[in-house]
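Heads up: the sequence shown is residues 44 to 288, going by our numbering. We put the CB at the ideal spot given by N, CA and C, even for glycine. Take a look at the structure set out below.
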Amino acid sequence: MSPLLLAGLAGLLSGLSLVVGSLVAWFVKVPREVVALVMAFGAGVLISALSFDLVDEAAASGGVIPTLGGFVAGAVVYVVLDQILEHGGFRRKHHGKSGGGGGTGVGIALGALLDGVPETAVQGLSLTGGGALSIGVLVAVVISNFPEGMSSTADLKESGRSARYVFGLWTSIAVVCALSSLGGYALLGGLPESGQSVVMAFAAGAILAMICDTMIPEAFRKAQALTGLVTVLGFVASYAVHQAG
């Protein structure tokens, strides 16, 4: 399989996890506590993947200082864009805030794209130069996207959105995720190794900021004391996959 096709499929699979989560939430009444536990597990998986598959690899190939700079820059850009969405009327499901209500449809979509673009672009980037797809990152993104699709869809359904609107929204985001991964391969692959390292670290910083601002607070709101333990289990599972690979 060509790397370009593999990049597109990896991004599409990542996005389709949102669609599957949406389908489950629409047709099955899943307790919020269960969704929170899956989200906590996904947070641990993502933390492990960004640590060992992104930051560690970026530092090894591009150096510690550029990696740290890219990492911090990714977090800053994520937080700034997230605040722009929050204060611009495009309210996403901002998990860490009390009251918990769902966001607007546009806000949820933009928030999902803000989360998903760095996650999938870095998958395409990993395939450049004859590299192998990072299975750890792919698995982490698929696992973490599933509860996001469930949680946000439950809010959209409660707000009266139609099935066509909800599934069309998530399907569109899945397509954008595929395009993002293709872009990571086709557009970022021409960067020098040091530049690719900065991009990988940038994505890792954005992902970690997202985990801390959205996934962990949302999980804790329902799972409470189990959040930390389940997050650790997710980290262990992802690290085991990394070591096995």
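DSSP places Lys265 within a helical segment (H, G or I) once states are collapsed to three.
Between Val88 and Ser281, the beta carbon gap of about 4 Å places them in contact (Cβ cut-off 8 Å).
The criterion of a C-beta distance shorter than 8 Å is not satisfied by Met193 and Val273.
If you check the CB distance, Gly233 and Gly85 do not come in under 8 Å. Residue state for Pro74 is assigned as coil, using DSSP reduced to three classes. Taken through DSSP and simplified to helix, strand or coil, Arg204 comes out as coil. Listed in chain order, the non-local C-beta contacts of Leu225 below 8 Å within the same chain comprise Leu47, Ala50, Gly51, Gly54 and Gly167, local neighbours out to five positions each way being set aside.
Taking Met82 as reference, the option from Val160, Ala152 and Asn188 with the minimal CA-CA separation is Asn188. Three or more beta-carbon pairs separated by less than 8 Å link the stretch 61-75 to the stretch 201-215, which places the two stretches in contact. Under the three-state reduction of DSSP output, Pro190 falls in the helix class. Secondary structure at Ala175: coil, using DSSP grouped into helix, strand and coil. Proximity to Asp256 across Leu97, Pro109, Gly58 and Glu129 peaks at Glu129, based on C-alpha coordinates.
By the neighbour-count definition (other C-beta atoms within 10 Å, threshold 16), Phe95 is a buried residue.
Judged by their CB atoms, Val165 and Val185 are not nearer to each other than the 8 Å cut-off.
A Cβ-Cβ distance of about 5 Å is found for the pair Leu97 and Met243, placing them in contact under the 8 Å criterion. For Asp256, there is no enclosing alpha helix (DSSP H), as DSSP marks it with neither H nor E. Here Ala247 is not near Tyr121, since their CB atoms are 8 Å or more apart.
Around the CB of Pro190, 16 or more other CB atoms lie within 10 Å, so the residue is classed as buried. Note on geometry: alpha-carbon atoms of Ser195 and Pro74 lie some 14 Å from one another.
Ile259 and Asp99 have their C-alpha atoms roughly 23 Å apart. Ala92 has its alpha-carbon roughly 10 Å from the corresponding atom of Leu251. Here DSSP, grouped into helix, strand and coil, assigns Leu230 to coil.
In the three-state DSSP reduction, Ser224 falls in the helix class (H, G or I). Following the DSSP letters along the chain, one finds Pro109 inside the alpha helix (DSSP H) bounded by residues Val107 to His130.
Ranking Val275, Gly174 and Gly154 by CA distance to the CA of Ile127 puts Gly154 first.
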